[in-house]
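Residues 25 to 295 (the working numbering) make up the sequence shown, in order. Backbone N, C-alpha and C define an ideal beta-carbon position, used for all residues, glycine too.
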Amino acid sequence: MTARSGGMALRLSRLSRHSDGRYLFVPMDHSVGDGPIVAARDFNGLVRTAVAGGADAIVVHKGRAATVDPGLLRDCSLIVHLSASTSHATDVDAKVLVGDVEEAIQLGADAVSVHVNIGSDTESRQLTDLSSVADACRRWGMPLLAMVYPRGPRITDPHDPRLLSHVVNVAADLGASMVKTTWSAPLERMSEVVESCPIPVLVAGGPSRSDADLANYAAGVIAAGCSGLAVGRSFFESSTPASVIRTLSAAVHQTPRLTERLGAVQRVPVR
């Protein structure tokens, strides 16, 4: 094993606080796209709530990363997001690189993330960016989370399982360590997406839900074989964010996958 591959393995191991191969990431990078998610003085408090509730990592842009109290990240990983766009753009599906792997390393990041919208007018540019970041991640031993969505004028059903299987494999083939995408409809067909992909698949949280709905959703995602969730809005837009993050952490790290359930059934002795 080379020093670089060793560094990759070490950083990957930091992305989960558990040994179950599952992840609960909390994206908090929305202030670039849509504006502040919380008052500046309260941001570290929001991070503290996420960490205390069981988040495995937070996702922020490089400037925001520099403002996070390092003490909050002793039990939680840092993912620096390298893509950006704003809701005021002519093409809101266009993503550009606004950071690089070396900057993320200087900030102490455990991973970086890149957003790609398959089906957008600028898909080719975004794929090029993903590939170049993957090359840098390989050189530096840095895990890469690819956030890949079917999104754009040529996409009619972003929750089509066959389409999702395609987009997650784009991430895998271009060098990502793991991929985040949207959910399938019906949700249980995420199992087809997972089975098609050689890297861990995480699912976005989607629209805000009640705690009960969110728990059922998270449990369904894990039962389908996904490796975790990346939930931002349902956390920081909630009136009870501490409850939300505890609910999600319990679902991600305690809900058995369908294969685990079947294995348990097979191990029951016949009487």
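Per-residue burial, residue i [other beta carbons within 10 Å of its own, 16 or more giving buried]
| i | result |
| --- | --- |
| E219 | exposed |
| R186 | exposed |
| A228 | buried |
| A90 | exposed |
| Q130 | exposed |
| V276 | buried |
| G256 | buried |
| A74 | buried |
| D134 | buried |
| R178 | exposed |
| P94 | exposed |
9 Å Cβ cutoff met for residue i and residue j
| i | j | result |
| --- | --- | --- |
| L211 | L154 | no |
| L97 | V136 | no |
| G69 | R270 | no |
| M214 | V194 | no |
| I142 | Y173 | yes |
| H85 | A108 | yes |
| S208 | G176 | no |
| V92 | E127 | no |
| D124 | A160 | yes |
Whole-angstrom distance between residue j and residue i, CA atom to CA atom
| i | j | result |
| --- | --- | --- |
| E147 | A118 | 8 Å |
| W164 | P51 | 23 Å |
| V225 | A158 | 17 Å |
| F67 | T152 | 33 Å |
| A297 | R41 | Because the chain is modelled from 25 through 295, residue 297 falls outside the range shown and cannot be assessed. |
| S43 | L34 | 13 Å |
| M166 | G31 | 7 Å |
| I61 | H54 | 7 Å |
| Q278 | T114 | 43 Å |
| H112 | V120 | 14 Å |
| R281 | P182 | 24 Å |
| L272 | A170 | 21 Å |
| R28 | R162 | Any reading at R28 must be qualified, since the residue scores a pLDDT of 47, below 50, and its modelled position is unreliable; no value is offered. |
| L39 | A243 | 20 Å |
Whole-angstrom C-beta distance between residue j and residue i, which should lie under 8 Å
| i | j | result |
| --- | --- | --- |
| S251 | G45 | 6 Å |
| V122 | L102 | About 17 Å separates the two Cβ atoms, so there is no contact after all. |
| S201 | L48 | Actually they do not touch by this definition, with Cβ atoms about 17 Å apart. |
| C221 | V192 | 4 Å |
I'd like the ranges of any beta strand (DSSP E) spanning at least 3 consecutive residues and lying wholly in the stretch 133 to 169. Runs of the beta strand (DSSP E) inside the stretch 133 to 169: 135 to 142.
Hey, which unbroken runs of the beta strand (DSSP E) at 3 residues or more fall wholly within the stretch 231 to 262? Runs found: 252 to 254.
Report the start-end ranges of each beta strand (DSSP E) in the stretch 187 to 214 that is 3 residues or longer and not cut off at the edges. Counting only runs of 3 or more, we get 202 to 205.
What are the complete beta strand (DSSP E) segments, minimum 3 residues, inside the stretch 64 to 130? Secondary structure in the stretch 64 to 130: the beta strand (DSSP E) runs of 3 residues or longer, each lying completely within the stretch, are 81 to 84 and 101 to 105 in chain order.
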